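Those sequence lines, one after another, are chains A and B. Under my numbering, the first sequence is numbered contiguously, ending at residue 114. Under my numbering, the second sequence is numbered contiguously, ending at residue 1113. Think of the CB as a built atom: it goes at the ideal place given N, C-alpha and C, for glycine as much as any other residue. Given the structure is predicted, the values throughout are model-derived calculations rather than measurements.
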Amino acid sequence: GAGVSQTPSNKVTEKGKYVELRCDPISGHTALYWYRQSLGQGPEFLIYFQGTGAADDSGLPNDRFFAVRPEGSVSTLKIQRTERGDSAVYLCASSLSRGSGELFFGEGSRLTVL
Amino acid sequence: DQQVKQNSPSLSVQEGRISILNCDYTNSMFDYFLWYKKYPAEGPTFLISISSIKDKNEDGRFTVFLNKSAKHLSLHIVPSQPGDSAVYFCAACDAGNNRKLIWGLGTSLAVNP
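Structure representation (structure tokens):
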């Protein structure tokens, strides 16, 4: 499809494990965002990429969280030593450029840490 | 502290009537505002936006009003349709700040046939 694709759609893991979440943005979109949405909350900004570089990672909660976008397209959000509090829906969005107000979101990856 | 507040967690209206969803913000640096709609198990989808240089933006059945002095915006849907039933999120950003959106908690709208 032509939309933002996220995999896996659901991930259940045990506390302490390592997790990778993948985002494939809309072709040609240079800006890519990761947000996290906990139950009953609005999405919370994590990190923004413009091309290959992380232009703003101020939303990453701690150093267990890391994201890459090596070729300026697909991005991977990596979470080390997962904790129960990391359980949330992780949303990826892309846009044509930094100046575009409209972000196109994927369906999210629901992470459950037991 | 919530910089973007949606004080009504839910709203129920009859089909054909007007739905009004409200949003307040505290950060005077915000200059771009967006409404997103979210169905269960889907990502948010963009609905309508407004720049702080305007006080109204209309797109079909959807109109967003911005009152900068009151730091308040509202989304009007008229006429409401059952397919409009979803969670509506208000989001805001400082346009120079990488489009880092700050979101409200959402309002769940139910449009009854």
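Query: Interfacial residues, the region 59-77 of chain A to chain B, with Cβ spacing under 8 Å; Result: G59
Query: C-beta neighbour in chain A for G1016(B), strict 7 Å; Result: no
Query: Residues that F66(A) bridges to, as DSSP identifies them; Result: K78(A)
Query: For T1045(B): DSSP bridge partner residues; Result: K1037(B)
Query: Backbone CA spacing between W1035(B) and P8(A) [nearest angstrom]; Result: 27 Å
Query: C-alpha gap between Q120(A) and L46(A), whole angstroms; Result: The question about residue 120(A) has no answer, for chain A in this structure spans 1 to 114.
Query: Continuous beta strand (DSSP E) stretch holding Q37(A): start and end; Result: A31 to Q37
Query: Nearest residue (CA-CA) to G42(A), options V12(A), L91(A) and L21(A); Result: L91(A)
Query: Where the beta strand (DSSP E) through Y48(A) begins and ends; Result: E44 to Q50
Query: N-terminal and C-terminal residue of the beta strand (DSSP E) that D1024(B) is part of; Result: S1019 to Y1025
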